[in-house]
Amino acid sequence: EAAVTQSPRSKVAVTGGKVTLSCHQTNNHDYMYWYRQDTGHGLRLIHYSYVADSTEKGDIPDGYKASRPSQENFSLILELASLSQTAVYFCASSDAQGGGTEVFFGKGTRLTVV
Amino acid sequence: KTQVEQSPQSLVVRQGENCVLQCNYSVTPDNHLRWFKQDTGKGLVSLTVLVDQKDKTSNGRYSATLDKDAKHSTLHITATLLDDTATYICVVGDRGSALGRLHFGAGTQLIVIP
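Listed in order, the protein sequences are those of chains A and B. Read the first sequence against my numbering and you will find it ends at 486, with the numbers running on by one and no gaps. Read the second sequence against my numbering and you will find it ends at 1115, with the numbers running on by one and no gaps.
Structure (structure tokens):
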């Protein structure tokens, strides 16, 4: 069964601290994505990757880094967490850029920066 | 600038009633359109994907239409159940190739009451 697993599911971080969000997929998909969701807004793309050891900037990459050490794993890194990064973060995988055929989302990570 | 607009923002219906959700977009090119269901605190689950210039799909009690000339899509839910309570998100993919991006609407919050 297709799956995208995110960890942790929720986290409270201190301003200025480092945060790492992890994502693991078992779909054999080449593409993986990190999005953030803010109340009342659509999901916005932070970073994505189409192959291991390579990442690309999305629409709102500032303040975030990404790492794709293998096809299955994709991490989002906040080196210096800020209050404005409080949001729900979703990881997704797809078999093509733009999710033309298959696209699966994780259950989300609720990040609160205090 | 918001390229995918959904209406209504929220909707309350009684169990058993039908409802219609609207999606208007300005994304160009519009390769495909997908409707997702997002339960509270959960990830996005794909309900259906529309691809053709004038397309219709059906998935159980969910049916959808797409008119690319009008850049408009509808999601119909018939005989609503309490479990249909969720946020429904319209997503437009601008290509099916390596350069494609997903453009998300803010969602319609559907509440089904007994």
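Glycine included, C-beta positions come from ideal geometry on N, C-alpha and C.
When you compare the CB of residue i with every CB in chain B, is at least one pair closer than 7 angstroms?
{"i": "L415(A)", "result": "yes"}
{"i": "F477(A)", "result": "yes"}
{"i": "G480(A)", "result": "yes"}
Is the CB of residue i under 7 angstroms away from at least one CB in chain A?
{"i": "L1067(B)", "result": "no"}
{"i": "K1043(B)", "result": "yes"}
Run down chain B in chain order and give the residues with a C-beta less than 8 angstroms from the C-beta of residue i.
{"i": "G412(A)", "result": "A1107"}
{"i": "F462(A)", "result": "G1044, L1045"}
Going along chain A in order, which residues have a C-beta closer than 9 angstroms to the C-beta of residue i?
{"i": "R1062(B)", "result": "Chain A residues near R1062(B): none, gap ~22 angstroms exceeds 9 angstroms."}
Our contact map puts residue i next to residue j with C-beta atoms below 8 angstroms; I'd like the distance itself, whole angstroms only.
{"i": "H413(A)", "j": "K429(A)", "result": "So it is not a contact: roughly 19 angstroms between Cβ atoms."}
{"i": "S1074(B)", "j": "C1024(B)", "result": "4 angstroms"}
{"i": "Q409(A)", "j": "L417(A)", "result": "That belief does not hold up - the Cβ atoms of Q409(A) and L417(A) are roughly 11 angstroms apart, past 8 angstroms."}
{"i": "A1107(B)", "j": "D1040(B)", "result": "Going by Cβ atoms, the distance from A1107(B) to D1040(B) rounds to 17 angstroms, so no, they are not a contact pair."}
{"i": "A438(A)", "j": "S447(A)", "result": "7 angstroms"}
{"i": "V1028(B)", "j": "V1050(B)", "result": "Going by Cβ atoms, the distance from V1028(B) to V1050(B) rounds to 15 angstroms, so no, they are not a contact pair."}
Which residues in chain A sit within 7 angstroms of residue i, going by Cβ to Cβ distance?
{"i": "S1047(B)", "result": "V475"}
{"i": "V1005(B)", "result": "G414"}
{"i": "R1015(B)", "result": "Those do not exist, as R1015(B) stays about 26 angstroms from chain A at its closest Cβ, beyond 7 angstroms."}
Have a look at residue i and residue j and give me their C-alpha separation to the nearest angstrom.
{"i": "S442(A)", "j": "L483(A)", "result": "24 angstroms"}
{"i": "V1121(B)", "j": "L455(A)", "result": "Chain B is shown from 1002 up to 1115; residue 1121(B) falls before or after that span and cannot be answered."}
{"i": "D407(A)", "j": "L1111(B)", "result": "Checking the sequence shown, residue 407(A) turns out to be Tyr, not Asp. About 23 angstroms."}
{"i": "N399(A)", "j": "V486(A)", "result": "35 angstroms"}
{"i": "F462(A)", "j": "N445(A)", "result": "14 angstroms"}
{"i": "C1091(B)", "j": "Q1007(B)", "result": "7 angstroms"}
{"i": "D1053(B)", "j": "D1068(B)", "result": "8 angstroms"}
{"i": "R1035(B)", "j": "G388(A)", "result": "38 angstroms"}
{"i": "F477(A)", "j": "G1042(B)", "result": "12 angstroms"}
{"i": "V376(A)", "j": "D402(A)", "result": "13 angstroms"}
{"i": "D1070(B)", "j": "K1055(B)", "result": "8 angstroms"}
Tell me which residues share the same chain as residue i and place their Cβ nearer than 7 angstroms to its Cβ, disregarding the 5 neighbours each side in the sequence.
{"i": "S379(A)", "result": "S394"}
{"i": "E451(A)", "result": "K390, K437"}
{"i": "D1085(B)", "result": "I1078, L1111, V1113"}
Skipping 5 residues on each side, what residues in its chain have a beta carbon closer than 8 angstroms to that of residue i?
{"i": "C1020(B)", "result": "L1012, V1014, H1077, I1078, T1081, L1111"}
{"i": "G1017(B)", "result": "A1080, T1081"}
I'd like the list of long-range same chain contacts for residue i, defined as Cβ closer than 6 angstroms, with 5 residues on each side in sequence excluded.
{"i": "T1066(B)", "result": "K1057, T1075"}
{"i": "I449(A)", "result": "T392, K437"}
{"i": "D431(A)", "result": "R416, L417"}
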